[in-house]
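Asker: The following block contains the structure, expressed as C-alpha cells.
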Amino acid sequence: MVKINFGDAYDDCKCKLASGIVAKNAEGAILLPYSKTHEEVPFAFSAEALVCRRVAQIGMEMQWSEIISKGDSLAIIKKCQSKNQDKS
C-alpha cells in the first residue's frame, strides 16, 4: 500500500500554483517526493484539480496497485473519487 499526500498553494493575483506531493510506503519511507510550479492557472479549483490529476498519474505511472490519497481540498477529493463523469 502506498499513501500519497498532496497539497497546493495558489496565488490568484498572479494565477500561479505551487504543488507538492509525497508518496510513502506502509512503513513510512518516502518513495517519491514531487513539487512543481504552474503558471497561468486561472482559478483555485483548476489549481487543485491539476494536483489531484497528477496524483492519479503518478499512481498509474508507478504501477502501484493500492493507493490511499490524502489532500487538503474536500471538493477535489470527492470529484476524484466519483465514478460519475463530470461535465463541468
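Letter by letter, the sequence shown follows residues 174 to 261 in this note's numbering. Quick reminder that beta carbons are idealized off the backbone N, C-alpha and C, glycines included. The structure displayed is predicted, hence computed values, not measured ones.
To the nearest angstrom, report how far apart residue 202 and residue 176 are at their CA atoms.
Answerer: For the purposes of this step, residue 202 is taken as the residue at position 29 of the sequence shown. For the purposes of this step, residue 176 is taken as the residue at position 3 of the sequence shown. In a straight line, the C-alpha of residue 202 is about 10 angstroms away from that of residue 176.
Asker: Cutting at 6 angstroms between CB atoms, please list the residues of its own chain near residue 192, excluding the five before and the five after it.
Answerer: Taking the first residue of the sequence shown as position 1, residue 192 is located at position 19. These residues qualify, in order along the chain: 181, 209, 224.
Asker: Runs of 3 residues minimum, wholly inside the segment 196-227: which ones carry the beta strand (DSSP E) assignment?
Answerer: Entirely contained in the segment 196-227, the beta strand (DSSP E) runs reaching 3 residues are, in chain order, 203-211.
Asker: Quick check on residue 242: buried or exposed, where buried means 16 or more other Cβ atoms within 10 Å of its Cβ?
Answerer: Here the question's residue 242 lines up with position 69 in the sequence shown. Flag for residue 242 reads buried.
Asker: What would DSSP say about residue 180, mapped onto helix, strand or coil?
Answerer: Within the sequence shown, numbered from 1, the residue matching residue 180 stands at position 7. Residue 180 falls in the strand class under three-state DSSP.
Asker: Should residue 220 go down as buried or exposed, given a rule of 16 or more other Cβ atoms within 10 Å for buried?
Answerer: By 1-based counting over the sequence shown, the position of residue 220 is 47. Result: buried.
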